[in-house]
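Sequential numbering from 5 applies to the sequence shown in the numbering used here.
C-beta atoms are modelled at their ideal positions from N, C-alpha and C, and glycine is treated no differently.
This report refers to the structure that appears directly beneath it.
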Amino acid sequence: IDCEICYLEKDKMTRDITRYDHLVSNVELLEDLTAHLTSVIEKQERILSILQESVVGDYLDVNAKYHGDIVRFFPAICKGIASLSENLNNITWFSQFFANDREKTLDDRLLKIENKAVHLQSKFVLLKRMRDAFSELHDEQFDK
């Protein structure tokens with residue numbers, strides 16, 4: 005019974021990568037997301053121009069019981085619209101990052117990112133050493 009419980013727990017933790025039906029649904033979800041993001045990237049200029057236009061028109065006719073929801077909705081949507089341009093730029097960058105070499109695997113990309121992180125880390129270590137050396141020089145100069 006303990007082995008069966010362990011098996012069920014392991015299956016629950018790994019079913020999204022080991023079960024075919026979960027893999028198919030995840031692939032379909034990714035395809036839909038990719039199609040949507042591609043559409044957003046292609047229509048980026050149009051989206052921004054529509055959202056930047058002033059809206060002049062009739063007042064909204066809102067039932068009194070929904071007034072509180074509307075009052076909370078507009079400030080929330082304004083924050084989203086304010087960051088939309090930056091988010092679209094991030095989506096575009098992300099798309100270009102993965103579109104350059106589609107034949108590369110995710111492992112290759114992760115290795116490339118890891119190598120860049122190691123390079124940055126070595127530069128930061130070098131900067132810290134230089135900073136420490138300058139601090140020592142500065143302290144020695146004032147000790148004289």
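- Your pair residue 41 and residue 95 checks out as a contact, with CB atoms roughly 6 Å apart and the cut at 8 Å.
- The C-alpha of residue 112 lies about 25 Å from the C-alpha of residue 45.
- DSSP places residue 64 outside both helix and strand once states are collapsed to three, so it counts as coil.
- Fully contained in the region 81 to 132 are the following alpha helix (DSSP H) runs of length 4 or more, in chain order: 88 to 103.
- Cα atoms of residue 36 and residue 101: separation of roughly 19 Å, rounded to the nearest angstrom.
- Per DSSP, the unbroken alpha helix (DSSP H) holding residue 19 starts and ends at 6 to 22.
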